[in-house]
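Here is the structure we will look at, set down as structure tokens.
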Amino acid sequence: MNPFLIHHFLEQSAEFFPNKTAVIHDKTRASYTRINISANNLAKWLIDQGVKGGDRVVYILENSLEYIVSYYGLLNTGSVYVSLS
0 MNPFLIHHFL
10 EQSAEFFPNK
20 TAVIHDKTRA
30 SYTRINISAN
40 NLAKWLIDQG
50 VKGGDRVVYI
60 LENSLEYIVS
70 YYGLLNTGSV
80 YVSLS
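Per numbering that gives the first Met the number 0, the sequence shown runs over residues 0 to 84.
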């Protein structure tokens, strides 16, 4: 898989560096695999809730592991992340 889209970077990193720490935030550490699995689970849930490609979705989260998982999960659905900044 070529990393043409940002979420492909995460998938590729999870494949090649599964246990490598991807995020350190305060006392939280997460591997590429942990983030990728969580993002895929969230994407499945979003799709089950009716979110589809092209939909615009807003997240209001502070910088955190949950923000990163939410961002990648949303990209995996093909929908559009809307920033409120």
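Backbone N, C-alpha and C fix where the C-beta goes; we use that ideal spot for every residue, glycine too. Quantities reported herein were computed from a predicted structural model and do not represent experimental measurements.
Note on Asn75: 16 or more other CB atoms within 10 angstroms of its CB, so buried under the neighbour-count rule. The stretch 5 to 15 and the stretch 43 to 55 do not touch, with fewer than 3 CB-CB distances between them shorter than 8 Å. A distance of 8 Å or more separates the beta carbons of Ile34 and Leu4. In the structure shown, Ser12 falls within a helical segment according to DSSP collapsed to helix, strand and coil. Spatial neighbours of Val56 in its own chain (CB-CB distance under 6 Å, excluding positions within 5 residues in sequence) are listed in chain order as Leu73 and Ser78.
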